[in-house]
Structure formats: structure tokens, C-alpha cells
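Please read the structure below before turning to the comments.
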Amino acid sequence: MREQLQNLLEQRVRQYVSQARNNLHDCPFIEKAKESCSNRGAEIVKTKAEGKITNEGKNEEGEEVFYQVHYNFLIKQQNSFFIEERVENRKAEFYKGVLVTDEELSFDSLGVSKEKEMLVENTNVIDRIENSDGEEERKVFRYDRLRAVQYAERWWNDYNPAYKSFEVDCTNYISQCVHAGGAPMHGYANRSKGWWMRSNNWSYSWSVANSMRLYLPSSKTGLRAKEVKEPSQLSLGDVICYDFQGDGRFDHTTIVTAKDAQGMPLVNAHTTNSRMRYWAYEDSTAYTSNIKYKFFTILDDQ
Numbered sequence: 001m002r003e004q005l006q007n008l009l010e011q012r013v014r015q016y017v018s019q020a021r022n023n024l025h026d027c028p029f030i031e032k033a034k035e036s037c038s039n040r041g042a043e044i045v046k047t048k049a050e051g052k053i054t055n056e057g058k059n060e061e062g063e064e065v066f067y068q069v070h071y072n073f074l075i076k077q078q079n080s081f082f083i084e085e086r087v088e089n090r091k092a093e094f095y096k097g098v099l100v101t102d103e104e105l106s107f108d109s110l111g112v113s114k115e116k117e118m119l120v121e122n123t124n125v126i127d128r129i130e131n132s133d134g135e136e137e138r139k140v141f142r143y144d145r146l147r148a149v150q151y152a153e154r155w156w157n158d159y160n161p162a163y164k165s166f167e168v169d170c171t172n173y174i175s176q177c178v179h180a181g182g183a184p185m186h187g188y189a190n191r192s193k194g195w196w197m198r199s200n201n202w203s204y205s206w207s208v209a210n211s212m213r214l215y216l217p218s219s220k221t222g223l224r225a226k227e228v229k230e231p232s233q234l235s236l237g238d239v240i241c242y243d244f245q246g247d248g249r250f251d252h253t254t255i256v257t258a259k260d261a262q263g264m265p266l267v268n269a270h271t272t273n274s275r276m277r278y279w280a281y282e283d284s285t286a287y288t289s290n291i292k293y294k295f296f297t298i299l300d301d302q
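Everything in the sequence shown is counted per the working numbering, starting at 1 for the first residue and increasing by one.
As C-alpha cells, then:
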């Protein structure tokens, strides 16, 4: 089984940099990644992947193996080069020792579905996100974008033990990044108010994508943001929110950590841990033609 997975991984690496196609275990999302690069005048010139098995088991149909792949992509765009990194969690199924199926466990099967469950469970509260302006003095701060990006780089594929981590960790991670940039918490201990995490408790706006999307433009103190129309208007440390299904419930949050040669955002994220990924997520398993985005630039008192 390990040899078959190794061969599959080597095939995937070749597919990222080759024009040739192999229909056996071919990955359509690799072709989407290549197409996304081409559409912005970029090219994946080199790919490296390291895999490790995280769990093995048996079911009625045979054996299943859960494994993780850490990809490094060297991308060329005009005269610039940058490295994108991504960690995929995958499941392979074997029947009588032969690889039958292999799939990524990401937003399709984990993030979006779990985020939807959280929204349904808490919908009455989440749709009434409030700030605490009437109860607290104005929080004056200067947003240190460099520190926010440095934090995003340090923890993009790891979890800070000073904070609780979640199975769907994207918005929690972004909140930590923005807080590292100086945004002050406030509103404790009402979970539907403010933006905070303390004593193993947290506000919905801290940890739930749709709640953060509602909170950012409505807050008048501490962390607050202005919505802009185009991703090119964002700066390092700004935030993008994603509604993959286009149903009005936002599922995912990222932070801008770099710009490409055309001045478009590259982002870091958790859940499917990613570093310097192109902002549009066109190669994501969660991507649909109905996707909607919201672009927020963080405001401060400078």
C-alpha cells in the first residue's frame, strides 16, 4: 500500500509541471491549479511533496489509509518567483491490496459541512452579532500589519498552544493573526458581542467565518474594517471572507500575507493549511461557480 501511495504522489507531482495527462488516478484539481496560474500569467515550474500516513484501518470493503501531503510549489510569474505551500489531508481506500479510491479531506467533506452545522446550531445568535460600544470605552490601537503577517507565517501549518484550536480552524487562526497585529479583544463574556477569546471561551465572531464577516464592518471599536470592492485594494494583513456555495453563509476566512507580480493577494489559511495561496481558491475542492467574496481592509486609529 505504501508503495502504491508513493507512486501516486510521484504521479501528482509530475502532473503539476507536465502538460501530459494520465487518466489513471488523474486529479482534476491539479488541472484547475494549473489553469488558475495560467489565467494570471503564472506557471508552476517545480513541485515537491512529502507524505506521511496518519492512520490506517479496515472497513467492510477493505482497508483505508489516512495520510497527509505537504506540497511546495515554485511559481514563476513574469520575472518574479514565489513559493506556495499547502497541506492536504487525504484518504485512500484499498481492496485486496489494490488502490481503488483516493480523495482529499478538505472543505468539501470537513470545513464547509462543519461550518454549516455551527451556523445552524447557533443561527439565532450568529445573525445578531453585536459590538459592545455602549458598554466599553473606545479601544484605540495601531494595526501592525507586519506583526500580523509574521504571526500568519509562523503558525500557518501549526497551532499556537496559547489558544484553543478547532477542527475547522480558519477563522480562529485569522483572529489570532489580527490580534497579533494589535487588534484589542473586547466584549467578554457575551459570546454574541464583541470579538474575544479568553478562559477556554470565545465569541462567535472570533471563531465562526460567517460571524466574523458580519462583525468586521459593523464594529465601531477595537477590531473593525471597511469593505472594499476589489482584492487588489487589499494590503498585507487584510482579510478575505468566502461564501463557497453563494448561499449568503460565509464558510472560510483568509489573511493577505503577500502580493503577486500583478498586485493580487496571496493568502494564508487554516483547515486546509495553506501559505501564499492565490486568493481566489479556484483549485479548492470547495470552489463552486456560485462563490462570493468579501474583501475587508482593517482600520485602526492612525
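Even for Gly, the Cβ is constructed at its ideal location relative to N, Cα and C.
Note that the C-beta distance between F141 and Q233 is not below 9 Å. Scanning D169, V168, Y163, H186 for the CA closest to the CA of S199 turns up Y163. Here H70 has E50, V87 as same chain residues with Cβ atoms under 6 Å from its own Cβ, once five neighbours each way along the sequence are excluded.
Less than 9 Å divides the Cβ of A183 from the Cβ of W195. In this structure, Y278 lies away from I291, with their beta-carbon atoms at least 9 Å apart. Membership of R142 in any beta strand (DSSP E) is not indicated, and neither H nor E is assigned to it by DSSP. Take the alpha-carbon of L74 and the one of Y188: they are about 43 Å apart.
DSSP places C241 in the uninterrupted beta strand (DSSP E) bounded by 239–243. With respect to the 9 Å criterion, V65 and E93 are classified as neighbours on the basis of their beta carbons. For S274, the enclosing beta strand (DSSP E) begins and ends at 274–278. A distance below 9 Å separates the beta carbons of A261 and A42. Take the alpha-carbon of C177 and the one of K58: they are about 39 Å apart.
Taking a cut-off of 8 Å for Cβ pairs, the segment 233–251 and the segment 204–211 touch, as three or more such pairs fall below it. The segment 146–215 is shown to contain whole alpha helix (DSSP H) runs of 4 or more residues at 170–180, 204–207, in chain order.
Partner residues in the beta bridge of N59, as assigned by DSSP, are G62. Counting only the Cα atoms, D26 lies some 45 Å from Y143. In the three-state DSSP reduction, A269 falls in the strand class (E or B).
F250 has no beta-bridge partner at all, per DSSP.
Selection L236, Y173, K193, W156 evaluated against T257 yields L236 as nearest (Cα-Cα).
Between N79 and K48, the gap from beta carbon to beta carbon reaches 9 Å or more. Classified as exposed, P217 has fewer than 16 neighbouring CB atoms from the shown chains inside 10 Å of its CB.
Each of L214, Q4, K96 was checked against the Cα of Y242, and the nearest Cα belongs to L214. Separation of the CB atoms of M264 and R40 is rounded to 7 Å, and the pair is thereby assigned contact status at 8 Å. If you look at L99, you'll find it isn't in any alpha helix (DSSP H); it sits in the beta strand (DSSP E) that goes 98–104. Our two residues, K32 and S284, have alpha carbons roughly 9 Å apart in a direct line.
Secondary-structure assignment with DSSP links I255 through a beta bridge to V239, N268. By the CB criterion at 9 Å, T272 and F244 fall outside the cutoff. At the C-beta level, W155 and S175 stay beyond 9 Å of one another.
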